[in-house]
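Following: one structure in structure tokens, then a few remarks.
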Amino acid sequence: MRRLLVPLLEFAPLLFLLLGCQPAAPETDSARQDHNHTLTYQWARDASLQFRFDLSQEIDITAGPRAIQNYTRILQNYRLISNGNSGDAELSLTMAFGDIDVSMKDEESEGRYNSASSDPPRTTLGSLLQRSLGRIPKQEITIQILRGNRIGKITNLDAVLESMTRQIPSTLKNMIFTIYGEDRIRQLIYLTPLPSGKLIDGFAWPIQETRRFALLGPTELDGIAKLVNQETRNGKSLFQIEISGKARKGATQDDLSPQPYSLEQGTFQGRAWFDPEIGQYSDSILTYKLDVSSTPASLNSNETPLSIQVTQKYATKLLSSSPTTN
Numbered sequence: 001m002r003r004l005l006v007p008l009l010e011f012a013p014l015l016f017l018l019l020g021c022q023p024a025a026p027e028t029d030s031a032r033q034d035h036n037h038t039l040t041y042q043w044a045r046d047a048s049l050q051f052r053f054d055l056s057q058e059i060d061i062t063a064g065p066r067a068i069q070n071y072t073r074i075l076q077n078y079r080l081i082s083n084g085n086s087g088d089a090e091l092s093l094t095m096a097f098g099d100i101d102v103s104m105k106d107e108e109s110e111g112r113y114n115s116a117s118s119d120p121p122r123t124t125l126g127s128l129l130q131r132s133l134g135r136i137p138k139q140e141i142t143i144q145i146l147r148g149n150r151i152g153k154i155t156n157l158d159a160v161l162e163s164m165t166r167q168i169p170s171t172l173k174n175m176i177f178t179i180y181g182e183d184r185i186r187q188l189i190y191l192t193p194l195p196s197g198k199l200i201d202g203f204a205w206p207i208q209e210t211r212r213f214a215l216l217g218p219t220e221l222d223g224i225a226k227l228v229n230q231e232t233r234n235g236k237s238l239f240q241i242e243i244s245g246k247a248r249k250g251a252t253q254d255d256l257s258p259q260p261y262s263l264e265q266g267t268f269q270g271r272a273w274f275d276p277e278i279g280q281y282s283d284s285i286l287t288y289k290l291d292v293s294s295t296p297a298s299l300n301s302n303e304t305p306l307s308i309q310v311t312q313k314y315a316t317k318l319l320s321s322s323p324t325t326n
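Structure (structure tokens):
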């Protein structure tokens, strides 16, 4: 019976499918109209940008007649500080991690850790979260930004991950590497690549990417990002971008070991708001819905196959922007 009560953390690597986009097709003459827009990331050399990401997810697991639900929420503050030239790079960024508030709950246990609170965790799971994710506040890494807004070397990330994953269960370790690994950090810097040239309202560009995930193997992301319109918020003019598409199982490769879980079908959709004045996304929210099943490779002969529905919401928000005060 314990085998059917699958721990929440085992499924964490399924949940962090973030988007990548290919460049847009060249603009045609017929598309050159008034109210053209250019969307370009910018990094002012004295900028300090305070962000927060907010991850919430529900996992519904069905094993024969049993239904089990797991829930996780993580709020993480982080700051991006531009530091000027760094070797061959256009500039370097410091990513400084701030407070974290994480809670987990399933049928067997629950726990919460809030680094901003002086109260100690009240449960065993909460203490485990403190011992692992509680090490992220005040950590810093350095990211090179190369010409053309390309991300170069990331420094000190391996040391940060090692400190967070020392002597903890492998399932939680895999989750931490999924949330704070290099690929995730790159996407916190650039939510989506942006097409070059002038754009008009309604212009769309493709999302087409293949990724390999720990429990799923190659996964295909196919969809579109679309410039919807301009929106005024708190006196600022923001460009609203709509994102939607499907996630599906990729082609099996001979060198891959059998995967314990298979993605049957999946969708993602959401919206993001780009601030052209500072050249950064101001706000975004993406929702993923994934239907996953266990494969024969994960089961013993007498075990019941699992059907898993994942709903994840991932939001990022720019809290403030200002010159550095160093």
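Residue numbers (my numbering): 1 to 326.
Ideal Cβ positions, reconstructed from N, Cα and C, are used throughout, including at glycine.
These numbers were taken from a predicted model, which means no experiment stands behind them.
Check, Outcome
"Three-pair Cβ contact test at 8 Å for the stretch 312-323 versus the stretch 41-61", "yes"
"Three-pair Cβ contact test at 8 Å for the stretch 129-143 versus the stretch 157-168", "yes"
"GLY152 - containing beta strand (DSSP E), residue span", "150-155"
"Which of helix, strand or coil DSSP assigns to ARG186", "helix"
"6 Å Cβ shell around THR311 - same chain, five flanking residues per side excluded", "GLU58 and LYS289"
"Beta strand (DSSP E) segments (min. 3 residues) lying fully within the stretch 81-156", "91-105, 110-114, 140-146 and 150-155"
"Span of the alpha helix (DSSP H) around THR178", "170-180"
"Residue nearest to PRO323 in terms of C-alpha spacing, selected from GLN240, ARG79 and LEU39", "ARG79"
"Best match in ARG271, LEU221, TYR180 and GLN69 for proximity to PHE97 [C-alpha to C-alpha]", "TYR180"
"Short Cβ contact (9 Å threshold) for HIS37 with LEU199", "yes"
"Best match in LYS236, LEU263 and GLY152 for proximity to ALA247 [C-alpha to C-alpha]", "LEU263"
"Buried versus exposed, by CB contacts within 10 Å (16 or more), ASN70", "buried"
"Per-residue burial, ASP319 [other beta carbons within 10 Å of its own, 16 or more giving buried]", "Just to set this straight, residue 319 is Leu in the shown sequence, not Asp. Label assigned to LEU319: exposed."
"Simplified DSSP state of GLU303, which is helix, strand or coil", "coil"
"Beta-ladder partner(s) of GLY64, from DSSP", "Answer is none; GLY64 lacks a bridge partner."
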